[in-house]
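Worksheet: one structure, shown below.
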Amino acid sequence: MFYWFMKTFVLGPVVKLLFRPWVKGLDNVPAEGGAILASNHLSFSDSIFMPLMVPRPVVFLAKSEYFTGTGIKGKLTAAFFRLTNQLPMDRSGGAASAQSLNAGMDVLRNGSLMGIYPEGTRSPDARLYRGKVGVARLALQARVPVIPVAMIGTDKVQPIGKRVPNIRRIGMIFGEPLDFSRYYGMEDDRLVQRSVTDEIMYELMRLSGQEYVDEYAAVVKLRLAGKAQEATPDKASAGPGAVPEAAPDTAPVITPDITPDDVQNPGAPTAAAEDGPEAPGTA
């Protein structure tokens, strides 16, 4: 009830008025039955914008920290996430993460839509990072299609660390459903998990026009945080206007044949490269 009220009378009208989202391929979302909406993750607001454009309710796996906050703000955030059909996802690995995925499995087997960010966290620099294989396990175990969803421009609306969003137009592209039925019964095979995940990430790269980096976003964030911490003692001596030089990324990148400008054009994007990214491993 709360979900539909917020979507129809509160958030929905506000988002459409202020951010004027353009949407392509919405008919690729099935009218019934379980399916995974696998999206790139540029901003906190992705979890608000995308479900508002989908006619059916979307259940998201959100990081568990959103559900465990303290104080008034933390409790309000937790209440909002629960009331908007979001489930806590423990990202620590092991049994805790497996339990979170089992909750997602129940959602899919009940015939609902589940939204997942295969990167596991927001991109630190608007590039697309290596996907985690949990999305493959869910798709194969629940035997549901995966619809790739490219969020466009949400990083400009609400960059990491910004609380008040900028008012500008955003977009999203829903790709054709990916059928992995050829792998059913092989969900425990790590090579299969990686192959399925890479295929999903390639489609996200093609639809979004993002540069692909063959490294986990969480690892990059930790490295950037470490560099920032190392640079802190030098700030006083360097002067108030000094900015520490960022070390270049060493991970290989793969780019599609389309640019973000092409994607943001309401016309159809141009064709991308035929071959996807080379499988980066089995982990």
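Mapping of the sequence shown onto numbering that gives the first Met the number 0: position 86 corresponds to residue 85, and the numbering continues sequentially without gaps.
Glycine is no exception: its CB is placed at the ideal position from the N, C-alpha and C atoms.
In the DSSP output, what is residue i paired with across the bridge?
| i | result |
| --- | --- |
| Gly35 | Position check: residue 35 holds Ile in this sequence, whereas Gly was assumed. DSSP, once it has assigned bridges, lists Met113 and Val145 as partnering Ile35. |
| Gln283 | No information on residue 283 is available, as it lies outside the stretch 0 to 282 that the chain covers here. |
| Val22 | Met171 |
Can a CB atom of chain B be found closer than 9 Å to the CB of residue i?
| i | result |
| --- | --- |
| Gln228 | In summary, chain B is missing from the structure at hand, where a single protein chain is found. |
Do residue i and residue j have their C-beta atoms within less than 9 Å of each other?
| i | j | result |
| --- | --- | --- |
| Ile146 | Gly174 | yes |
| Phe48 | Gln85 | no |
| Leu127 | Phe179 | no |
| Leu203 | Ala149 | yes |
| Val195 | Val134 | yes |
| Lys131 | Tyr215 | yes |
| Arg136 | Leu100 | yes |
| Arg55 | Leu112 | yes |
| Met5 | Leu82 | yes |
| Ile166 | Lys23 | no |
List the whole-angstrom C-beta distance separating residue i from residue j, where the pair is believed to meet the contact cut-off of C-beta under 8 Å.
| i | j | result |
| --- | --- | --- |
| Val28 | Val9 | Their Cβ separation, rounded to whole angstroms, is 22 Å, which puts Val28 and Val9 out of contact at 8 Å. |
| Leu288 | Gly184 | The question about residue 288 has no answer here: the residues shown for the chain are numbered 0 through 282. |
| Asp66 | Pro87 | Per the sequence shown, residue 66 should be read as Phe rather than Asp. So it is a contact: roughly 4 Å between Cβ atoms. |
| Ile115 | Ala37 | 5 Å |
| Glu210 | Leu177 | Their Cβ separation, rounded to whole angstroms, is 21 Å, which puts Glu210 and Leu177 out of contact at 8 Å. |
| Ile35 | Val212 | No, Ile35 and Val212 are not in contact; Cβ-Cβ is about 23 Å, not under 8 Å. |
* **Touching by the beta-carbon criterion (3+ pairs, under 8 Å), the segment 9-26 and the segment 118-131** => No, they do not touch.
* Is the segment 154-168 in contact with the segment 39-55, if contact means three or more CB pairs nearer than 8 Å? -> Contact holds: three or more Cβ-Cβ distances are below 8 Å.
* Asked: Which residue spans inside the segment 117-177 form an unbroken alpha helix (DSSP H) run of at least 4?
  -> Taking only runs of at least 4 residues, the alpha helix (DSSP H) segments lying wholly in the segment 117-177 are 133-141 and 153-156.
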